[in-house]
Amino acid sequence: MPFKSHKLPLHQRLAFKQTRNIVLVAFLIGLLLTGGQLTADFFQQRSNHDNDVQRILSTAIKSAQFAAYNLDDATAGEIVAGLLNNRFIIKASIQDNYGNVLASASKAPEEVSDLGRWLFGDLRNIETSLQHQTSDNVGALYIQVDPANEAEAFIQRSMLTFVFGIIRNIVLAACIMLVFYFGVTKSILLASQQVSRPEKIKSIDVPEAHQRDEIGMLLMAFNQQLNTIEHQHQQILAANRNLEAQVLERTSELKKEQQSALAASKAKSDFLAVMSHEIRTPMNGILGLLRILSDSGLPQAQAQYVDSINDACESLLSLMNNALEYTRNEQGELELSDKVFDLERLMSSIVFLMSSSAKKNQNQLSFHVASDVERYIELDSERLRQVILNLINNAIKFTRDGEIHLEVVCLEKTPEKSLLKFTVSDTGVGIAEDAKETIFAPYQQADKSIHAMYGGAGMGLAICKAIVEKMDGRIDYSSRESEGSEFFFEVPVKNAQQMPSIDEKQHKQPAAPMRILVADDVEMNVNLAKWYFEENQHNVFSAGNGLEAITLAKEENPQAVLMDVNMPSLDGIEATRQLRQLSYCGLIYGVTAHVDPQTKARCFQAGMDGVIEKPVDYPELIKLLAEDIARQSHALDNSIVHEHFSNLGLEPAAQLYDKALQELQKNMSETEGVAPGEPISKEQLHKLKGLAGNFGLRAMLDLFESFADDDGILSPATYALWMKTMRITQSAINQYQPNKM
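For the record, in the sequence shown the residue sitting at position 433 is 433 according to the UniProt record's numbering, with numbers rising by one throughout.
See the structure below:
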């Protein structure tokens, strides 16, 4: 808030401060002078007292000599009585030369304060010898004097002096304050009030009385500064107007450049997405057919040709994956999905996978996991695999007739977490020292000649760096040319006690025949899928677009639908949405060549149970579908469901189960309002578990139990799993037949 000088308290005003200082100085000087005066008066008082005593004695001695010489008691009595008339003499006596008292008199001493007694002293006895004209000693005169009898008068005079001095100082202070106020302070206050006004001022009025003194000089100097400030202010305003015009112009240019950059970035992303789709779609058929050829018992020479084609396709896919991964990282779409896995098993599988590539260059590939490294950890295993595969692939590429070693050690460890260091070392060509600053940059290689000799786009290490940093880790390397390289990265991980329980028997049993609908507009992909599924004794239906897929799904009611996301007439996402609206409860997996977070989200929102990236690994897909369909047989507690259907009847029980599922659907919609990462309430979780348990909905109960194990923490993936489990449960209820129990 603005400073208001006219509301200054008294103790902050200049007149008061100056008066206070003057009064203090005057008081101290007055105190010293008054003290000196009183001291002089004190000593003068004592001197006068002594002189008075001597004068009285000199007067009384002659009469006392006569009385003592004549032994005249009456005269002696008159003399001592006369001495007592003096205020400070309280006792007197006259003796002859034989010590006989001729006369004696005394009076009580006056009451004197301790201060008076301290200043003037105690009673004094004075003895004076009496001599006759013949100089013979005829007696003695004794008196007792009280020097403090006049102390009170002296103290009173001193007090009056101090009181009058204080009064004088107060009056002086008031007068000086008025003089300062009207002579100095008032003018300053008026000037400050002018400065404090909200409206702009050009100058301050200089009072007539101060035209030629210091205050006038100060105000005139201030006016000069105001003029200077006004001039500078106008210059600043002009500069600001010019700057604003430049900023607007530059902002407009930057917006155009930004829009151009965003358009270019979007065009690049769209181009990569289109290229990914256009490459992966035929690649899906090529790789699938290559697998079929590999399993058809070809002669060795032809099998080698097939392997070479397969390696070339995998290399092309790897290049495309790296470009897409880096684009996702640039757009902030690189995501991690942590889960518990067996680290040693992962390292072993990576080395086993890369062994054949290493042998082609006559390299020995080995690995070692230190004993203090936890076997089970929680991390994104697929991203970890991607980083290590990239590093080993580079080591194989640049090493001939050498050794490549993968090592995992623990740098730091607590009961909950560990800091692991992964190292891939080789004895290859090494890296030049000047390549250190650019080696992890995208589209960069240590030497331009490397591309001609070894190939590659220079994206692998950039992707590794992006993934490791996303894991809150760091990556680096050390190398010497012609001696080899050592790439290492450190990442924090969570320790886990064991892997999640898996029903091994279920995985080992061959999959039962399934009814599968394949929806794809590319005939080669449809034929490839049909070959794999029918080869494994599954029934397959095919559709060329989304509309055909909806029609076939309603007619054939397949257990699973393999839905291509991009199809003419009606795409896979909209077809899935319509199927779910028609209460289709079977599995729907989307198939696409470009799996980004936005596409995944759209697929899950439409009601898909998962998204598969092209090229499709059909053996793994068959395994996945078989596992999901097998869950339907375990989705219900048959004893509880059988009891409800037997006691209530088919129609009432079916209606009751429909209401139970509707209640679960309602609760799922309510939990979508919970912020990601926040826990669902214990009351709601207890209610859900009770509902699932009472109706024998085993899959739903297991799901809610897992929520409890995670402290009720929800995530976007939670809702997708909830929806999927709901559909499995609904499908199991629809297929339930009590007479089979």
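By construction, the Cβ of each residue, glycine as well, lies at the ideal position given by its N, Cα and C atoms.
The structure displayed is predicted, hence computed values, not measured ones.
Residue range of the beta strand (DSSP E) that includes residue i
{"i": "Thr-185", "result": "That residue, Thr-185, is in no beta strand (DSSP E); it is neither H nor E in DSSP."}
{"i": "Leu-298", "result": "Run containing Leu-298: none; DSSP gives neither H nor E here."}
Per DSSP, cross-strand counterpart(s) of residue i
{"i": "Gly-484", "result": "Arg-480"}
{"i": "His-405", "result": "Ser-366, Ser-425"}
{"i": "Tyr-376", "result": "Asp-342"}
{"i": "Thr-551", "result": "In DSSP, Thr-551 forms no bridge with anything."}
{"i": "Asn-638", "result": "Paired residues: none, contrary to the question."}
{"i": "Arg-474", "result": "Glu-490"}
{"i": "Cys-410", "result": "Leu-420"}
{"i": "Ser-104", "result": "Ser-93"}
{"i": "Asn-48", "result": "In DSSP, Asn-48 forms no bridge with anything."}
{"i": "Asn-495", "result": "Ile-377"}
Same chain, Cβ closer than 7 Å to residue i, five either side skipped, listed in chain order
{"i": "Asn-734", "result": "Cys-585"}
{"i": "Phe-222", "result": "Ile-204"}
{"i": "Ile-22", "result": "Ile-176"}
{"i": "Arg-55", "result": "none"}
{"i": "Gln-730", "result": "Cys-585, Leu-661"}
{"i": "Trp-531", "result": "Ile-292"}
{"i": "Gly-116", "result": "Ala-148, Ala-151, Glu-152, Ile-155"}
{"i": "Ser-158", "result": "Leu-38"}
{"i": "Ala-543", "result": "Leu-517, Ala-519, Ala-549, Leu-552"}
{"i": "Ala-26", "result": "Asn-169, Leu-172"}
Opening and closing residue of the alpha helix (DSSP H) in which residue i lies
{"i": "Glu-78", "result": "73-84"}
{"i": "Asn-125", "result": "Where Asn-125 is concerned, there is no enclosing alpha helix (DSSP H), although the beta strand (DSSP E) it sits in stretches over 124-131."}
{"i": "Gln-386", "result": "381-397"}
{"i": "Gly-693", "result": "682-694"}
{"i": "Phe-120", "result": "114-120"}
Expected contact under 8 Å - CB spacing of residue i and residue j to nearest Å
{"i": "Asp-521", "j": "Met-563", "result": "Contact flag wrong, Cβ pair sits at about 11 Å."}
{"i": "Ala-68", "j": "Ile-94", "result": "6 Å"}
{"i": "Met-347", "j": "Val-408", "result": "7 Å"}
{"i": "Gly-430", "j": "Ser-366", "result": "Actually they are not in contact, since the Cβ atoms of Gly-430 and Ser-366 sit about 20 Å apart, beyond 8 Å."}
{"i": "Ala-593", "j": "Lys-614", "result": "4 Å"}
{"i": "Thr-128", "j": "Ile-61", "result": "6 Å"}
{"i": "Lys-413", "j": "Val-493", "result": "Between Val-493 and Lys-413 the Cβ distance is about 10 Å, and since that is not below 8 Å, they are no contact."}
{"i": "residue 793", "j": "Arg-168", "result": "Residue 793 lies beyond the residue range present for the chain, which begins at 1 and ends at 741; the question has no answer from this structure."}
{"i": "Glu-469", "j": "Tyr-477", "result": "Going by Cβ atoms, the distance from Glu-469 to Tyr-477 rounds to 15 Å, so no, they are not a contact pair."}
{"i": "Tyr-589", "j": "Ile-612", "result": "6 Å"}
Contact set for residue i: own chain, Cβ-Cβ below 6 Å, skip 5 residues either direction
{"i": "Ser-355", "result": "Leu-365"}
{"i": "Arg-515", "result": "Asn-539, Pro-558, Gln-559"}
{"i": "Leu-411", "result": "Leu-419, Lys-421"}
{"i": "Asn-125", "result": "Gln-144"}
{"i": "Arg-727", "result": "Cys-585"}
{"i": "Glu-403", "result": "Gln-364, Thr-427"}
{"i": "Gln-632", "result": "Ile-728, Ser-731, Ala-732"}
{"i": "Val-641", "result": "Gly-696"}
{"i": "Asp-628", "result": "Leu-587"}
{"i": "Ala-395", "result": "Ile-404, Val-424, Asp-426"}
{"i": "Val-112", "result": "Ala-148, Ala-151"}
{"i": "Arg-580", "result": "Gly-607"}
8 Å CB neighbourhood of residue i in its chain, flanking five on each side removed
{"i": "Leu-389", "result": "Ile-350, Leu-353, Met-354"}
{"i": "Thr-34", "result": "Thr-161, Phe-162, Gly-165"}
{"i": "Ala-105", "result": "Gly-77, Val-80, Ala-81, Leu-83, Leu-84, Lys-91, Ala-92, Ser-93"}
{"i": "Leu-721", "result": "Leu-703"}
{"i": "Lys-689", "result": "Leu-701, Phe-704, Glu-705, Ala-708"}
Closer than 8 Å: residue i CB and nearest the ligand MN heavy atom
{"i": "Val-351", "result": "The ligand MN is not part of this structure, which contains no ligands at all."}
- Query: What alpha helix (DSSP H) runs, 4 residues minimum, are completely inside the region 137-172?
  - Reply: No alpha helix (DSSP H) of 4 residues or more sits fully in the region 137-172.
> Which runs of the beta strand (DSSP E) spanning at least 3 residues fall entirely within the UniProt domain "Response regulatory" (515-629), listed in chain order?
Replying inline: Runs of the beta strand (DSSP E) lying entirely within the UniProt domain "Response regulatory" (515-629) and spanning at least 3 residues, in chain order: 515-519, 539-543, 560-564, 587-592, 610-613.
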